[in-house]
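Colleague: Protein chains in written order, with our numbering: chain H, 12 to 294; chain D, 35 to 328.
This is how it looks when you write it as structure tokens:
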């Protein structure tokens with residue numbers, strides 16, 4: 012057979028096979044990424060008491076979960092930690108972002124490097140450093156005052172803020188990059204004092220970035236296991252730690268159910284953050 | 035970069051500017067100073083302290099911890115284990131992630147956003163939950179074993195095992211590889227490949243000589259982002275590896291919280307050496323990427 016002359020600029024034939032192979036590869040990778048998650052969700056509704064095969068639909072595991080006092084208090088604690096640490100880290104991170112983007116000052120490069128450290132440092136190193144810090148400083152405090160301090164929910168909150176600040180700063184700085192300073196100058200020219208300018212001009216314009224940073228901080232805190240594991244005292248129970256403890260013992264459909272809820276919450280947060288980002292991009 | 039007014043401000047305005055700068059910096063810098071920098075310094079202090087046989091820290095200077103680090107066979111095993119598993123996971127992620135990113139950048143824009151979003155979702159979901167999902171799949175009566183039985187094979191003990199740890203780690207860290215690779219391939223000029231083809235280069239030559247070198251920064255960034263959490267984690271090796279797979283993260287966790295007696299000075303020294311090695315890796319990475327970008 013004689014080949015028809017190939018038009019110019021059509022990719023050679025191997026490329027189309029290549030493209031097809033790439034699609035196949037991509038398809039199987041997405042199956043690899045989603046199959047375990049989908050199965051986990053399905054198996055949270057199975058009647059099977061081991062929770063690993065499908066034997067019929069039930070919502071029992073969810074009702075059981077909501078009656079599980081330990082799990083529920085752990086979930087509430089985790090939400091509280093995430094909420095408080097998000098507020099604190101969003102405030103600190105937004106202020107730092109404004110300072111970094113708006114001002115030149117001595118030590119700015121050093122601070123820039125410092126801000127990246129909590130992001131790149133292995134989480135376990137930060138976790139054990141915080142544990143060492145609390146134990147060390149509580150020891151000194153006790154020898155000075157005679158009062159014994161213990162790690163509790165507040166040590167977790169403080170630690171979560173320490174790693175979230177950097178993430179918030181990165182997100183807010185990105186939203187400040189396209190900011191038109193002339194708007195602030197105009198406000199100042201029209202007689203607004205710096206405080207009014209901040210609340211009326213600056214904040215409304217960067218709010219999508221701030222909310223994006225806050226959502227990231229909230230998700231990081233909800234999902235964190237390693238730092239919570241090291242900095243929580245023996246008396247406080249947090250959701251990932253409770254789940255970890257139970258998973259180590261056995262697979263149960265109740266764990267499938269709580270895992271499903273955690274998955275759904277995370278996904279809602281991603282959707283929300285994407286939505287905010289899109290709105291920020293539209294400006 | 036930053037938008038600093040170029041005109042000289044009158045003194046009173048400059049003063050308010052300085053005051054507001056101090057106000058902006060104080061909360062964050064104070065927090066990071068006390069709860070990030072100081073803890074790291076305390077780890078340095080601990081690493082030079084002495085551990086008593088009961089596990090209580092004695093504040094006497096010693097280099098014992100650093101000596102033990104080089105001496106004990108257990109530690110060599112953990113270093114080499116971590117290094118090998120870390121490299122394996124990084125390599126597998128690169129082999130899966132590169133063609134995936136290539137597919138993503140070649141897709142039409144609307145589809146591309148969906149594909150990227152689908153990579154982001156697992157990235158935001160709980161690592162523990164994602165690891166647990168694999169326990170379900172690989173368990174003795176789980177789906178994979180049921181399939182094996184249905185196909186007439188014998189049941190396999192799929193976990194705890196090193197293979198299960200590898201799968202769990204690749205699964206958990208793949209997005210870290212894909213995101214920078216995607217960013218770097220999205221900037222790649224595909225007409226260069228056509229030019230290569232016009233000049234008679236084969237597919238392999240074009241890939242190795244044009245595409246790979248130009249997207250190397252993304253590949254290196256992805257590798258660093260996968261390698262660091264892989265080596266430092268302990269959850270996946272604990273849950274999917276049983277006690278069989280011991281990595282640096284597991285060792286650190288035991289030295290600080292679980293072993294009887296604990297050994298904080300030794301754990302601190304190990305953490306610092308680990309950080310020092312990673313810093314070298316990251317510095318090398320920044321050296322290579324900044325050169326590529328120029």
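We treat Cβ as the ideally placed atom computed from N, Cα and C, and that holds for glycine.
Small disclaimer: the values here were computed from a predicted structure and weren't measured.
What's the call for residue 310(D), buried or exposed, on a 16-neighbour Cβ count within 10 Å?
Modeller: Position 276 of the second chain holds residue 310(D). Classification of residue 310(D): exposed, given that the 10 Å Cβ count is below 16.
Colleague: Please state whether DSSP places residue 276(H) in a helix, a strand or coil.
Modeller: Translated into the one-based positions of the first chain, residue 276(H) becomes position 265. Three-state DSSP puts residue 276(H) in a helix.
Colleague: Please determine if the stretch 49-68 of chain H and the stretch 267-281 of chain H are in contact, where contact requires at least 3 C-beta pairs separated by less than 8 Å.
Modeller: A contact exists between the stretch 49-68 of chain H and the stretch 267-281 of chain H.
Colleague: According to DSSP, which residues form a beta bridge with residue 85(D)?
Modeller: Taking the second chain and counting its residues from 1, one reaches residue 85(D) at position 51. Answer is 91(D).
Colleague: Using the Cα positions of residue 315(D) and residue 123(D), report the straight-line distance between them to the nearest angstrom.
Modeller: Locating residue 315(D) in the second chain gives position 281, counting from the first residue. Locating residue 123(D) in the second chain gives position 89, counting from the first residue. Distance between the alpha carbons of residue 315(D) and residue 123(D) is about 16 Å.
Colleague: Can you name, in chain order, every residue of its own chain whose Cβ lies under 6 Å from the Cβ of residue 292(D), other than the five neighbours on each side?
Modeller: On the second chain, position 258 is the one that residue 292(D) refers to. None.
Colleague: Between the beta-carbon of residue 266(D) and the beta-carbon of residue 134(H), is there less than 8 Å?
Modeller: The residue given as residue 266(D) occupies position 232 in the second chain. The residue given as residue 134(H) occupies position 123 in the first chain. Taking 8 Å as the Cβ cut-off, residue 266(D) and residue 134(H) qualify as a contacting pair.
Colleague: Are the C-beta atoms of residue 21(H) and some chain D residue less than 8 Å apart?
Modeller: As a first step, residue 21(H) is located in the first chain; it is residue number 10 there, counting from the start. A caution first: residue 21(H) carries a pLDDT of 48, below 50, which makes its placement in the model unreliable, though a value can still be read off. No, its Cβ sits nowhere closer than 8 Å to a Cβ of chain D.
Colleague: Using a C-beta to C-beta distance shorter than 7 Å, which residues of chain H count as neighbours of residue 65(D)?
Modeller: For the purposes of this step, residue 65(D) is taken as residue 31 along the second chain, with counting starting at 1. Per Cβ cutoff of 7 Å: 103, 172, 173 and 176.
Colleague: Near residue 49(D), which residues of its chain fall below 8 Å by C-beta distance, leaving aside the five closest residues on each side in sequence?
Modeller: Mapped onto the second chain, residue 49(D) falls at position 15. Hits under 8 Å: none found.
Colleague: Helix, strand or coil, according to DSSP, for residue 68(H) in the structure here?
Modeller: Against the first chain, residue 68(H) aligns to sequence position 57. Residue 68(H) falls in the strand class under three-state DSSP.
Colleague: Sorted by chain position, which residues of the same chain lie with C-beta nearer than 7 Å to residue 84(D)'s C-beta, five sequence neighbours on each side aside?
Modeller: To locate residue 84(D), count along the second chain from 1; it is residue 50. 92, 94, 96, 98 and 299, listed in sequence order.
Colleague: Expressed to the nearest angstrom, what Euclidean distance is found between the alpha-carbon atoms of residue 81(D) and residue 282(D)?
Modeller: Your numbering for residue 81(D) matches position 47 in the second chain. Your numbering for residue 282(D) matches position 248 in the second chain. Approximately 16 Å, taken between the alpha carbons.
Colleague: Taking only three categories from DSSP, how would you classify residue 236(D)?
Modeller: As a working note, residue 236(D) is residue 202 in the second chain. Three-state DSSP puts residue 236(D) in coil, outside helix and strand.
Colleague: DSSP on residue 230(H), reduced to helix/strand/coil?
Modeller: Here residue 230(H) corresponds to residue number 219 of the first chain, with the count starting at 1. DSSP places residue 230(H) in helix when its eight states are reduced to three.
Colleague: Would you call the stretch 209-227 of chain H and the stretch 250-259 of chain H in contact, with 3 or more CB pairs under 8 Å?
Modeller: They do not touch, by the three-pair rule.
Colleague: When burial is assigned at 16 or more other CB atoms within 10 Å of the CB, is residue 210(H) buried or exposed?
Modeller: Residue numbering aside, residue 210(H) sits at position 199 when the first chain is read from its first letter. Per the 10 Å Cβ criterion, exposed.
Colleague: Near residue 157(D), what residues of its chain come up, given a Cβ to Cβ distance below 7 Å and the 5 sequence neighbours on each side ignored?
Modeller: What you label residue 157(D) is simply residue 123 of the second chain in a count that begins at 1. For residue 157(D), where only same-chain residues beyond five positions count, the Cβ hits under 7 Å are 209.
Colleague: Looking only at DSSP bridge pairs, what is residue 57(H) linked to?
Modeller: If you number the first chain from 1, residue 57(H) lands on position 46. Answer is 68(H), bridged to residue 57(H).
Colleague: So, is residue 284(H) buried or exposed, given that buried needs 16 or more other C-beta atoms within 10 angstroms?
Modeller: Sequence index remark: in the first chain, residue 284(H) carries index 273 (1-based). Burial call: buried.
Colleague: Throw me the rounded Cβ distance for the residue 160(D) and residue 273(H) pair, which I believe falls under 8 Å.
Modeller: As a working mapping, residue 160(D) is identified with position 126 in the second chain. As a working mapping, residue 273(H) is identified with position 262 in the first chain. Their Cβ separation, rounded to whole angstroms, is 5 Å, which keeps residue 160(D) and residue 273(H) in contact under 8 Å.
Colleague: Taking Cβ-Cβ distances below 8 Å as the criterion, which residues of the stretch 58-74 of chain H are in contact with chain D?
Modeller: Residues 61, 62, 63 and 64.
Colleague: Quick one: does residue 111(D) have its CB under 8 Å from some CB of chain H?
Modeller: Here residue 111(D) refers to the residue found at position 77 when the second chain is read from its first residue. For residue 111(D), the answer is no, since every Cβ of chain H falls outside 8 Å of its Cβ.
Colleague: What does a CB cutoff of less than 8 Å around residue 99(H) pick up in its chain, not counting 5 residues either side in sequence?
Modeller: Working through the first chain from its first residue, we reach residue 99(H) at position 88. Within the same chain, residue 99(H) has close Cβ partners 168 and 172.
Colleague: Give the range of the alpha helix (DSSP H) segment to which residue 214(D) is assigned.
Modeller: The sequence position of residue 214(D) within the second chain is 180, counting from 1. It spans 196-220 - the alpha helix (DSSP H) in which residue 214(D) sits, taken as one unbroken run.
Colleague: Classify residue 170(H) as helix, strand or coil using the three-state DSSP reduction.
Modeller: Taking the first chain and counting its residues from 1, one reaches residue 170(H) at position 159. Here residue 170(H) sits in helix by DSSP.
Colleague: Look at the alpha carbon of residue 239(H) and the alpha carbon of residue 127(H), and state the distance between them as a whole number of angstroms.
Modeller: Taking the first residue of the first chain as position 1, residue 239(H) is located at position 228. Taking the first residue of the first chain as position 1, residue 127(H) is located at position 116. Whole-angstrom Cα-Cα distance: 21 Å.
Colleague: In its own chain, which residues sit with a C-beta less than 6 Å from the C-beta of residue 345(H), not counting the 5 before and 5 after it?
Modeller: Residue 345(H) lies beyond the residue range present for chain H, which begins at 12 and ends at 294; the question has no answer from this structure.
Colleague: Taking Cβ positions only, does residue 270(H) come closer than 8 Å to chain D?
Modeller: Position 259 of the first chain holds residue 270(H). Residue 270(H) counts as touching chain D.
Colleague: Can you give the Cα-Cα distance for residue 94(H) and residue 229(H), rounded to whole angstroms?
Modeller: On the first chain, position 83 is the one that residue 94(H) refers to. On the first chain, position 218 is the one that residue 229(H) refers to. About 7 Å.
Colleague: Count Cβ pairs between the stretch 181-190 of chain D and the stretch 225-235 of chain D that sit closer than 8 Å; are there 3 or more?
Modeller: No, the stretch 181-190 of chain D does not touch the stretch 225-235 of chain D.
Colleague: Step through the CB atoms of chain C and report whether any lies within less than 8 Å of the CB of residue 216(D).
Modeller: Note that chain C does not occur in the displayed structure, where the protein chains are H and D.
Colleague: To the nearest angstrom, how far is it from the Cα of residue 289(D) to the Cα of residue 147(D)?
Modeller: On the second chain, residue 289(D) is found 255 positions in, with the first residue counted as 1. On the second chain, residue 147(D) is found 113 positions in, with the first residue counted as 1. Those two C-alpha atoms are separated by around 44 Å.
Colleague: Which residues in the same chain as residue 84(H) place their Cβ atom closer than 8 Å to its Cβ, once the five residues preceding and following it in sequence are excluded?
Modeller: If you number the first chain from 1, residue 84(H) lands on position 73. Excluding positions up to five away in sequence, the list reads 248.
Colleague: Is any beta-carbon of chain H found at less than 8 Å from that of residue 158(D)?
Modeller: What you label residue 158(D) is simply residue 124 of the second chain in a count that begins at 1. So, interface residue.
Colleague: Going by DSSP in three states, residue 115(H) sits in which element: helix, strand or coil?
Modeller: For the purposes of this step, residue 115(H) is taken as residue 104 along the first chain, with counting starting at 1. Coil.
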